[in-house]
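So the sequences go chain by chain: A and B.
First residue of the first sequence? That's 1 in our numbering, and the numbers climb one at a time after it.
First residue of the second sequence? That's 422 in our numbering, and the numbers climb one at a time after it.
Just so it is clear, CB atoms sit at the ideal spot from N, CA and C, and this is done for glycine as well.
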Amino acid sequence: MITPNEKLVRKRKRAEMRFRAYGILSLAAAGSVLLFLILTIVSSGYTAFFRATVELDVQLDASRMSLAEPYSQDVLMQGRYTSVARDALYAQFPDVTDRKIRRSLAKMLSVGGELAVRDYLLEYADRIGSTVTLELPLSSDFDQLYKGHLPRTGEHIRFSKQQLQWYDRLMAKGSIHYRFNSQFLFGGDSRYPELAGIGGAVAGSFYALLVCFLLAFPLGIAAATYLEEFAPDTRLTRVIEANINNLAAVPSVIFGLLGLAIFLNVFGLPRSTPLVGGMVLSLMTLPTIIIATRASIRSVSPGIRQAALGMGASPVQVVFHHVLPVAMPGTLTGTIIGLAQALGETAPLLMIGMVAFIANVPATPLDASAALPVQIFLWAESAERGFVEKTSAAIMVIMTFLILMNLLAVIIRSRTQTRVE
Amino acid sequence: MDTVMTAERIEVDDALVSYAADKSQVQESTSTSDIKMTAEGVNVYYDEKQALDDISIDIHNKQITALIGPSGCGKSTFLRCLNRMNDLVDICRITGRITMDGEDIYAPGVDVVTLRGQVGMVFQKPNPFPKSIFENIAYGPKIHGLAENNDELEEIVVKSLNKAGLFDEVKDRLQAPATGLSGGQQQRLCIARAIAINPEVLLMDEPCSALDPIASARIEDLMWELKENYTIIIVTHSMQQASRVSQQTGFFHMGVLAEVGSTEQIFQNPVDTRTRDYITGRFG
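Shown next as structure tokens:
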């Protein structure tokens, strides 16, 4: 009979405790790094969803805006609104009359001011001739000043004393407001940070992923099913299988080069479009989907296959009636994870020209467009202080999409698991 | 049972089924017209390894034939030759001749799908589809086009579940997932699923080995009832089961059919010494 060896038991228990402590420590380390990352991004990015505006009384004088009746949409789109916007600001400071000084006053207003006037008129054309109170965006520097991102004093100060005085006077009057910036979420890119929006990039990424899904999902399932269920076990099949696994490890920039060489140069598809972007991304996603699908096909219990064959189902019926439905959750999970990967991919998109500056929100996959990761890349490169928060905010947007997609994968997996069990 | 059976399947009402259960065990009809399937000199190879060596056996119509023997003796392999399930194994090669109603089932023109519709199979481990109980039974009739409309399909499902003695237990939850049934119920569901397409022969590969004795007893009762309409071949590890349910028994040993005869004779007066040793419990 074995008598408990106190020393050994204690040693073993200590080793177990130690091992647990290591595990908890490493989890804590990983967790805190992640938390730090998210906190940094959110704290420097959340301000991009807001912007400072100044409340001004704008005189909507038709001749000053070069508008002639009838005030149709086309006419209004052609109008010049800079002067009325500036006049409204000058009216706040009647003491400033010198043209030079006025120019520096005008710099407080964003070019977006004139667009705000135009958008107002597009909606209320009947107000032409009257004076209305509008909120016009401040220029990026003053926006940043309001948010506390730029210093008032110091070496590299970007404001004149006078400008700061004007700003303080407007603040004291309560004319400066802090508003939700919907233009950031839905607008296109811009040279001016206060006007730049992520909407074009979101739409571009959405179209690219749509194209990617439509191509890679059916192709991936078909290839995986054929390889797993029907392909004869020959040298050729084995070579193909090995190469599919290798493809998943190929650096994504190479897929971009392939897309450039084939889709753009040989097929002559339009450059910088989500269509080509999605095609390139589908090359990248395809191996992921094939591997995930094959794994889930292989994990389908052989009993189900035998049962179906024993019932007199043909091999194709077995696959379509029994194997694929059971394998579908795994396939979908793999597909979503592959798409999430594709969403964050930058390099292949640079190769096919999705890095160009495009201010429009694409309406179809055939319009030139930016993509989310490329937009982050572009903004991160920009020198203006105003783009710093935009970069972080764009990262927040892409991370939100990634988390949502992964959540979807988890939900699909858990829901189908409970259904089967 | 002494009239010649036509290929037409016979619908049996419950009265006949219960009558069959009461009928005496021994069937004394071995004329050639009552032979459903025949194997002649069947050899099976997995790559170079020979798994079955020159198997010849007659399977009697509407009787239960038990195949017994130690593990790895080839009885399951032989069973799977009878509905060509071995076709699915790439390295498996079969020579010899297996006929059903005088027709070679390995002849070039034979449609495997049709054959498997005629020779149903129940596996060792209950393997219901991960679908509803109804869908499980309805699948076979659907792919073989046995039902014109939903009413007919439902009729087939109810009839099959009744024949398998499962209907009363599941009638309130036909749409529930089949995987939620107990092991014994799942196996009876698999039997119901197999007979839903009205096969002529039913192959059972150790159908009770994953079940407790009470569930096994129910399956054995069920086999007694099914024997009236189907030719049953069962592979079993349990000699008691073989002696209880079968009329004919074949003893496999190391890929050879050592002895085949009436169950009474095999268990009471075996000719082959290997059979005698196995049955008396000296090995296996």
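Classification of Lys648(B) by the beta-carbon crowding that lies within 10 angstroms, buried from 16 upward | buried
Quick one: is Ser272(A) near chain B, going by C-beta distance under 7 Å?
-> no
Taking the continuous alpha helix (DSSP H) assigned at Asp143(A), which residues delimit it?
-> Ser140 to Lys147
Segment contact flag, the region 387 to 400 of chain A with the region 46 to 53 of chain A, C-beta cutoff 8 Å, min 3 pairs = yes
Measuring CB to CB, does Ser581(B) end up less than 7 Å from Ala613(B)?
-> yes
Among the residues of its own chain, which have a CB less than 6 Å from the CB of Pro362(A), if the five just before and after it don't count?
-> Ala203, Gly204 and Ser369
Out of Met675(B), Ala559(B), Gly676(B) and Ala663(B), point me to the one whose CA is closest to Phe688(B)'s CA.
-> Ala663(B)
Alpha helix (DSSP H) runs wholly inside the region 96 to 127 of chain A, at least 4 long, in chain order = 99 to 106 and 112 to 123
Going along the region 307 to 318 of chain A in order, which residues come within less than 8 Å of chain B, judged by CB to CB distance?
-> Ala307, Ala308, Leu309, Gly310, Met311, Gly312, Ala313, Ser314 and Gln317
Compute the Euclidean distance between the alpha carbons of Ile554(B) and His658(B), then round it to the nearest angstrom.
-> 29 Å
On the three-state DSSP scale, how would you describe Arg51(A)?
-> strand
The region 548 to 573 of chain B: positions lying closer than 8 Å to chain A by Cβ = Asn548, Pro549, Phe550, Pro551, Tyr560, Gly561, Ile564 and His565
Using DSSP with H/G/I as helix, E/B as strand and the rest coil, what is Lys546(B)?
-> coil
Per DSSP, which residues does Leu209(A) bridge with? Please list them.
-> Answer is none; Leu209(A) lacks a bridge partner.
State buried or exposed for Pro251(A), treating a residue as buried only when at least 16 other CB atoms are found within 10 Å of its CB.
-> exposed
Contact set between Val534(B) and chain A, taken where Cβ atoms lie within less than 7 Å = Gly312 and Ser314
Straight-line Cα distance separating Met399(A) from Leu34(A) = 12 Å
Tell me where the beta strand (DSSP E) around Phe673(B) begins and ends.
-> Gln669 to His674
May I have the straight-line CA-CA distance separating Ser477(B) from Leu227(A), to the nearest angstrom?
-> 38 Å
Short CB-CB distance (under 7 Å) between Gly676(B) and chain A = no
Would you mind reading off the limits of the beta strand (DSSP E) that contains Val591(B)?
-> Careful: Val591(B) lies outside any beta strand (DSSP E), inside the alpha helix (DSSP H) at Phe588 to Val591.
When Lys100(A), Leu37(A) and Tyr120(A) are compared against Gln423(A), the one with the closest alpha-carbon = With chain A covering only 1 through 421, there is no way to say anything about residue 423(A).
Pick from Pro325(A), Tyr81(A), Thr133(A) and Met328(A): whose alpha carbon is nearest that of Ser66(A)?
-> Tyr81(A)
Whole-angstrom Cβ separation of Gly586(B) and His565(B), contact assumed at under 8 Å?
-> No, Gly586(B) and His565(B) are not in contact; Cβ-Cβ is about 23 Å, not under 8 Å.
Mind checking who His658(B) pairs with in its DSSP beta bridge?
-> BP columns for His658(B) are empty, so no partner.
When Cβ atoms are compared, which residues of the region 322 to 333 of chain A fall closer than 7 Å to chain B?
-> His322 and Val326
Beta-carbon separation of Gly517(B) and Val591(B) under 7 Å?
-> no
List the residues of chain B whose Cβ lies closer than 9 Å to the Cβ of Ile304(A), in chain order.
-> Asn548, Pro549, Phe550 and Pro551
Nearest to Leu324(A) by CA position, among Ala201(A), Ser282(A) and Pro218(A), is which residue?
-> Pro218(A)
Stretch pair the region 272 to 285 of chain A + the region 196 to 216 of chain A: three plus CB contacts closer than 8 Å | yes
By a C-beta neighbour count over all protein chains shown, 10 Å radius and 16 as the cutoff for buried, is Asn246(A) buried or exposed?
-> exposed
Under the rule that 16 or more other beta-carbon atoms within 10 Å means buried, what is Ala436(B), buried or exposed?
-> Confidence at Ala436(B) is low in this model, with a pLDDT of 40, below 50, so its placement is unreliable and no value can be given for it.
Asp119(A) versus chain B: which residues are under 7 Å apart at the beta carbon?
-> Simply none; closest approach about 56 Å.
What residues in its chain sit with their C-beta under 8 Å from that of Ile640(B), if we drop five residues either side in the sequence?
-> Gly605, Gln608, Arg609, Ile612, Pro628, Cys629 and Leu632
Give the DSSP-derived three-state secondary structure of Ile2(A) in the structure shown.
-> coil
For the beta strand (DSSP E) that contains Cys513(B), what are its first and last residues?
-> Cys513 to Met521
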